[in-house]
Amino acid sequence: MPQRKSVRNLKKICSLSIAKNMDKIWCKDYLENFAGQGQFLYVNGPFDCLPGPLVNDIIQTLREEHLLRRHHLQLLITSNLNRLDLSKESINLSPVLNFISFRCKHLLKELSLAYCTKVPLGNLKDALVCLENLEILDLSWTCVNDDVLGALGANCPKLRDLNLTALAQVTDKGIKYLCVDDFQKDSSASNGVGLLGVEAAIRNLPNLTLLNHPEVVTVLERMHQKEWDAGLAVPKYSLRYSECPEALLSLCKLRRLEVFNVLVDSQNEEWSGRTLPSRQKDLFANGILPVLQTCGQFITTLSLAECPPYVDIGVIGMCCPSLSDLNLAFNKGYSKRISEENSHPSSRRKLFQCLKKLILVCICRYVLMFKELRRKNDEDGDDEPKTDLPDLHLKDLLSSPVLETIFIRESTTLSDSILSQVLVEGQKFVNLRELELENCHNVTTHFIHSMLHLSGPLKFIKIWSCKQITRSDLNAFKSLIKKHKWDLSIDWM
């Protein structure tokens, strides 16, 4: 069953009390005597004697409770702060940056202004000039430009981690400003940064260990193609990449592929007409399967979306023993075939034993209406693909002993019976934290009660548009949660 709500520790209780009484007690003198009378670089406040981590806890609690105001920061930004997170704050940051530059110039090492879209660039540049000990800075999704990066590169020699994601005004020139020896990590997926900027970063930052940019693989190919062709040693790089570019295919020494997204084009005219099903049957076997057989043992994350019929879940399980994250979305059909070695329950090989996250989105039944009408006079063969996962394959996925997250939508296979069979076979969901079900109409209250009474650390259940679970059932679940004081939230629609 879900864990009971733990009693807050004393530090958290004190932080919450301070946050809720900030204006009534802690800022009362300041609001009555100083607020609105000008900018004060020094204010003797009640938090000056606290160590930086405790002040950070108070600021974080104010943010969590949506209570943080600018005059709170007037008192909370002290000379003891070594980190400050103001991400997504909509308050006027101009005076706040002035406080930071004057009071935190010696100890502040980490600053986040992510998603602060109205950061005053002049004040930010002035602050960066003073923050010589800054090591970690997040400027993602802000309006920062090359001039700010110039101030950063010239005045923050200890900077080692910088996030410049989604900065349209940053160009290659700005990246060149950042070429300092101690730089280790750069997430600079900016629209204005091109090949020259990425190459400058790679060549001039000897301690760079991670670089995230859409052209990083292309740049590496251009830089080291001669060495690769000649079989010479090249430097080792740690890369984070969200796509699989053509340039990656030329890196013949690639040994590990952690993220593999597969898209199969089923619109080719060659496959149109009455013979389409038999041709589509070959797409998984001849297109996707060879890749899985080659590097499947290293794949930990696999996403198959909008693939033609005959996606074989059993084969995926056998080829990818280390798979921890599986996303199956809007695929046209799944193979019902069971391999001979897995055909007998007594000798079945256990699959998906490392799976932690399962996302399954089946095709809405209404989308298949035309297909069903077209085939209404035809007899389905034994090998006709299912638009939903076959029972056996869904049970394989749900039987992973390390499952942490389950999201299933539009599944007719998922039912109380499937869950009962999985539980009987020994699954206890001892790691499951999140369960989300949408439009799963064969799931009843028995399914939810079974999950509630397991011993796992379940934290969140979402039940949307599951016809057999009503608002009355929701109220019963909430009463049960309240009665047992479980640390669990449930969402129903």
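Count the sequence shown with our numbering and you get residues 8 to 500, in order.
We put the CB at the ideal spot given by N, CA and C, even for glycine.
TODO: Would you tell me roughly how many angstroms separate the C-alpha atoms of Leu264 and Leu330, rounded to the nearest one?
DONE: For the purposes of this step, residue 264 is taken as the residue at position 257 of the sequence shown. For the purposes of this step, residue 330 is taken as the residue at position 323 of the sequence shown. Confidence in Leu264 is poor, its pLDDT being 41 and thus under 50, which makes the residue's placement unreliable; the coordinate value appears in the next sentence. Their backbone Cα atoms lie some 12 Å apart in a straight line.
TODO: State the DSSP-derived secondary structure class of Val368, mapped to helix, strand or coil.
DONE: Translated into positions along the sequence shown, residue 368 becomes position 361. In the structure shown, Val368 sits in a strand (DSSP, three-state: E or B).
TODO: Name the two residues that bound the continuous alpha helix (DSSP H) containing Ala207.
DONE: The residue given as residue 207 occupies position 200 in the sequence shown. Note, Ala207: alpha helix (DSSP H), Leu202 to Asn211.
Task: Nearest-angstrom Cα separation, counted from His78 out to Leu104 - done: Stepping through the sequence shown from its first residue, residue 104 is reached at position 97. Stepping through the sequence shown from its first residue, residue 78 is reached at position 71. So the two alpha carbons sit approximately 13 Å from each other.
Open item on the list: For Asn482, count the other beta carbons within 10 Å of its own beta carbon; 16 or more makes it buried, fewer makes it exposed. Which is it?
Closed with: By one-based count along the sequence shown, residue 482 stands at place 475. Exposed, since its Cβ has fewer than 16 Cβ neighbours within 10 Å.
Task: Buried or exposed (CB count within 10 angstroms, at least 16 for buried), Pro297 - done: One-based indexing of the sequence shown puts residue 297 at position 290. By the neighbour-count rule (16 or more Cβ atoms within 10 Å), Pro297 is not buried but exposed.
TODO: Under 6 Å Cβ to Cβ from Lys474, same chain only, skipping five residues before and after it: list those, please.
DONE: Stepping through the sequence shown from its first residue, residue 474 is reached at position 467. Result list for Lys474: His448, in chain order.
Task: Beta-carbon proximity check, Ser406 vs Glu432, cutoff 8 Å - done: Here residue 406 is taken as the residue at index 399 of the sequence shown, counted from 1. Here residue 432 is taken as the residue at index 425 of the sequence shown, counted from 1. Cβ distance < 8 Å, so Ser406 and Glu432 count as in contact.
Open item on the list: Give me the residue from Leu146, Trp499 and Arg210 with the minimum Cα distance to Thr172.
Closed with: Within the sequence shown, numbered from 1, the residue matching residue 172 stands at position 165. Among Leu146, Trp499 and Arg210, the Cα nearest to that of Thr172 is on Leu146.
Open item on the list: Please state whether the Cβ-Cβ distance between Asp423 and Thr451 is less than 8 Å.
Closed with: Here residue 423 is taken as the residue at index 416 of the sequence shown, counted from 1. Here residue 451 is taken as the residue at index 444 of the sequence shown, counted from 1. It is a contact, given that the beta carbons lie within the stated cut-off.
TODO: Taking the CB atoms as reference points, tell me whether Asp179 and Gly160 lie closer together than 8 Å.
DONE: The residue labelled residue 179 in the question sits at position 172 within the sequence shown. The residue labelled residue 160 in the question sits at position 153 within the sequence shown. No; because the gap between Cβ atoms is not below 8 Å, this pair is not in contact.
Open item on the list: Could you pull the DSSP bridge partners for Ala312 from this structure?
Closed with: Indexing the sequence shown from 1 puts residue 312 at position 305. Looking at the DSSP assignment, Ala312 forms a beta bridge with Ala336.
Open item on the list: Given this structure, state the Cα-to-Cα distance separating Leu57 from Asn87, to the nearest angstrom.
Closed with: As a first step, residue 57 must be located in the sequence shown, where it is residue number 50. As a first step, residue 87 must be located in the sequence shown, where it is residue number 80. Using only the alpha carbons, I get a separation of about 8 Å.
Task: Phe54 - DSSP class collapsed to helix/strand/coil - done: Counted from its first residue, the sequence shown places residue 54 at position 47. Looking at Phe54 - three-state DSSP - the assignment turns out to be coil, as it is neither helix nor strand.
- [ ] Please name the residue in Phe291, Gly129 and Leu141 whose C-alpha comes closest to that of Asn162.
- [x] Locating residue 162 in the sequence shown gives position 155, counting from the first residue. Selected option, being the one with the closest Cα: Leu141.
TODO: Could you name the residues of the same chain whose beta carbon sits closer than 8 Å to that of Glu234, not counting the 5 residues immediately before and after it, in chain order?
DONE: Your numbering for residue 234 matches position 227 in the sequence shown. Counting only Cβ-Cβ distances below 8 Å, and skipping sequence neighbours, we find Ala240 and Val241.
TODO: Could you pull out every residue in the same chain whose Cβ sits closer than 7 Å to the Cβ of Asn99, ignoring the five residues on either side in sequence?
DONE: Along the sequence shown, read from residue 1 onward, the residue named residue 99 stands at position 92. The residues are Arg77.
Task: Option in Asp168, Leu166 and Lys132 with minimal Cα separation from Asp154 - done: Counted from its first residue, the sequence shown places residue 154 at position 147. It is Lys132.
TODO: Could you please give me the residues that DSSP links to Tyr501 through a beta bridge?
DONE: Examination of residue 501 is not possible in this model, given that the chain is present from 8 through 500 alone.
Open item on the list: For Trp506, report the span of its alpha helix (DSSP H) as first-last.
Closed with: A query on residue 506 cannot be resolved here, the shown segment of the chain reaching from 8 to 500 and no further.
Open item on the list: Please state the DSSP three-state secondary structure of Lys27.
Closed with: By one-based count along the sequence shown, residue 27 stands at place 20. Helix, per DSSP.
Open item on the list: On the criterion of 16 or more Cβ atoms from any shown chain inside 10 Å, does Val223 qualify as buried, or is it exposed?
Closed with: Along the sequence shown, one-based indexing puts residue 223 at 216. Val223 is buried by the Cβ-count criterion.
Open item on the list: So if DSSP puts Leu439 in a beta bridge, which residue, or which two residues, is it bridged to?
Closed with: Taking the first residue of the sequence shown as position 1, residue 439 is located at position 432. DSSP, once it has assigned bridges, lists no residue as partnering Leu439.
Task: CA-to-CA distance, Leu185 to Ser462, given in whole angstroms - done: Counting from one through the sequence shown, the residue named residue 462 turns up at place 455. Counting from one through the sequence shown, the residue named residue 185 turns up at place 178. C-alpha separation (whole angstroms): 51 Å.
Task: Helix, strand or coil at Trp471 [DSSP, three-state] - done: Translated into the one-based positions of the sequence shown, residue 471 becomes position 464. Correct three-state label for Trp471: strand.
TODO: Using beta-carbon positions only, say whether Asp494 and Gln67 come within less than 8 Å of one another.
DONE: Locating residue 494 in the sequence shown gives position 487, where the first residue counts as 1. Locating residue 67 in the sequence shown gives position 60, where the first residue counts as 1. In this structure, Gln67 does not lie closer than 8 Å to Asp494 by Cβ.
Open item on the list: On the criterion of 16 or more Cβ atoms from any shown chain inside 10 Å, does Ile209 qualify as buried, or is it exposed?
Closed with: Residue numbering aside, residue 209 sits at position 202 when the sequence shown is read from its first letter. By the 10 Å Cβ count, Ile209 comes out buried.
Task: Spatially closest choice to Leu358 from Lys485, Ile323, Leu138 and Leu169, by CA coordinates - done: In the sequence shown, residue 358 corresponds to position 351, counting from 1. For Leu358, the nearest C-alpha among the options comes from Ile323.
Task: Secondary structure of Thr301, DSSP reduced to three states - done: Residue 301 sits at position 294 when you count from the first residue of the sequence shown. Of the three classes helix, strand and coil, the one that applies to Thr301 here is helix, per DSSP.
Open item on the list: Can you tell me whether Thr477 is buried or exposed? The criterion is at least 16 other CB atoms within 10 Å of its CB, across all chains shown.
Closed with: Taking the sequence shown and counting its residues from 1, the one referred to as residue 477 is at position 470. Classification for Thr477: exposed.
Task: With 16 other Cβ atoms within 10 Å as the buried cut-off, status of Gln81 - done: Against the sequence shown, residue 81 aligns to sequence position 74. Answer is buried; the Cβ neighbour count reaches 16.
Open item on the list: Which residue wins for smallest C-alpha separation from Asp55, given the options Ile32, Cys326, Asn211 and Thr85?
Closed with: In the sequence shown, residue 55 corresponds to position 48, counting from 1. When only C-alpha atoms are compared, the closest one is Thr85.
TODO: Find out if the Cβ-Cβ distance for the pair Cys326, Gly303 is shorter than 8 Å.
DONE: Counting from one through the sequence shown, the residue named residue 326 turns up at place 319. Counting from one through the sequence shown, the residue named residue 303 turns up at place 296. Yes, these two residues count as a Cβ contact at 8 Å.
Task: C-alpha gap between Glu417 and Val368, whole angstroms - done: Reading the sequence shown from its first residue, position 410 is the one you call residue 417. Reading the sequence shown from its first residue, position 361 is the one you call residue 368. Distance between the alpha carbons of Glu417 and Val368 is about 6 Å.
Open item on the list: What does the Cβ neighbour count give for Leu335, buried or exposed, with the cut at 16 atoms within 10 Å?
Closed with: As a first step, residue 335 must be located in the sequence shown, where it is residue number 328. When all chains shown are included, Leu335 counts as buried.
Open item on the list: Assuming Ile65 is part of the alpha helix (DSSP H), what are its boundary residues?
Closed with: In the sequence shown, residue 65 corresponds to position 58, counting from 1. Segment Gly59 to Glu71, the alpha helix (DSSP H) holding Ile65.
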